[in-house]
Amino acid sequence: MVLVDTDQHGDHYAELFDIDRQRFVRSFVGEDDGQFQVRSLPARIPDQPLRVLFFGTYVPLHGIDTIIDAAIELQDEEIDFTLIGSGGQLNELQTRAHRSRARIRFISDWQSTAQLCEHISGAHVCLGVFGTTQKAARVIPYKVFDALAVGRPVITRDSPAIREMLTDGETALLCPAGDALALASAIRRLQADPALAARLSDSGHAVFVAQGSPAAIGRHLLAQLEDAA
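Using our numbering, the letters of the sequence shown map in sequence onto residues 241 to 469.
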């Protein structure tokens with residue numbers, strides 16, 4: 241038995257290494273719900289900005305250039321972005337953002353788990369990945385599990401992998417990879433519809449509990465081991 245984080249990776253490795261597909265068993269990466277505990281959504285105060293959060297390294301898989309371009313599209317609206325992380329593309333993307341009026345706060349210092357949980361708790365919306373690479377289409381990243389665990393609405397790129405767990409408009413908002421205008425539209429949608437944000441918060445967290453929590457992952461693995469015995 242070989243564990244993979246998505247069925248898409250199972251298909252990929254089976255073809256790449258010419259291995260029987262039945263040997264691969266999906267086990268979502270999940271998250272520790274003892275640390276990333278569910279919190280109520282922050283209140284939406286009239287005339288206060290929507291708070292949008294991304295955290296992760298500045299690598300092509302994450303598609304942070306798409307987030308920057310979406311923030312530039314939304315620069316005249318009451319929407320604030322916080323981007324936490326560092327990496328090879330940071331300076332380039334900071335320069336692009338600073339040439340605009342985009343409302344982006346960059347945090348490049350290392351954040352502890354407790355600090356990251358506080359950032360997620362303070363956000364109205366959390367962003368996943370938007371890269372156009374083949375790998376980006378095969379993963380459900382930690383940051384998505386983190387946000388779902390805390391109970392935050394998630395916007396991320398559409399892909400076969402993400403649809404193994406999430407449904408567009410029901411448990412998350414999905415948009416085409418690399419499409420800044422689609423991402424901006426999804427953010428506007430949550431800004432205009434707090435009730436939708438609340439529904440996604442609840443339904444996304446329910447999916448996490450059912451499929452991405454340690455207990456759920458453990459039950460799934462035990463069942464797979466029993467079937468293989």
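Note that the Cβ used here is the ideal one computed from N, Cα and C, for glycine as well.
Predicted model only: the values in this text are computed from it and were never measured.
8 Å Cβ shell around residue i - same chain, five flanking residues per side excluded
i      : result
Tyr382 : Val269, Glu271
Val278 : Ala389, Val390, Gly391, His445
Thr297 : Gly325, Ser326, Gly327
Ala401 : Thr246, Asp247, Gln248, His249, Ala377, Arg378, Val379, Ile380
Three-state class that DSSP yields for residue i in the structure shown
i      : result
Val390 : helix
Thr306 : helix
Ile360 : helix
Leu281 : coil
Asp258 : coil
Val365 : strand
Leu406 : coil
Ile457 : helix
Arg439 : helix
Thr494 : Here the chain has residues from 241 to 469 only, and residue 494 is not among them.
Arg428 : helix
Thr396 : strand
Ala417 : coil
Ala401 : coil
Ala342 : coil
Ile380 : coil
Leu290 : strand
Residue closest to residue i, alpha-carbon to alpha-carbon, out of the options
i      : options                        : result
Asp398 : Arg392, Ala456, Gly409, Val390 : Gly409
Leu413 : Gln275, Leu436, Ala377         : Leu436
Arg266 : Gly274, Asp258, Asp273, Ala254 : Ala254
Val242 : Gln248, Leu256, Phe264         : Phe264
Asp320 : Asp245, Gln288, Asp273, Ala377 : Gln288
Ile380 : Pro282, His460, His302         : His302
His249 : Leu461, Gly274, Arg378, Asp349 : Arg378
Ala348 : Leu333, Gly362, Gln262         : Reading the sequence as shown, one finds Ser at residue 348 and not Ala. Closest option to Ser348, Cα to Cα, is Leu333.
Arg336 : Ile259, Thr306, Glu318, Gln355 : Thr306
Other residues of its chain near residue i: CB distance less than 6 Å, five sequence neighbours each side excluded
i      : result
Arg341 : Gln315
Arg345 : Thr322
Ala426 : Ile395, Leu413, Cys415
Residues bridged to residue i (per DSSP)
i      : result
Phe295 : Ile324
Ile347 : Ile324
Phe264 : Val242
Closer than 7 Å: residue i CB and nearest the ligand GDP heavy atom
i      : result
Leu413 : No copy of the ligand GDP occurs in the structure displayed, which carries no ligand at all.
Contact set for residue i: own chain, Cβ-Cβ below 7 Å, skip 5 residues either direction
i      : result
Ile360 : Leu293, Cys366, Asp386, Ala387, Val390, Arg392
Gln275 : Thr353, Cys357
When you compare the stretch 444-463 with the stretch 381-395, are there three or more beta-carbon pairs, one atom per stretch, that lie closer than 8 Å? yes
Check whether the stretch 281-294 and the stretch 303-320 touch, using three or more Cβ-Cβ pairs below 8 Å as the test. yes
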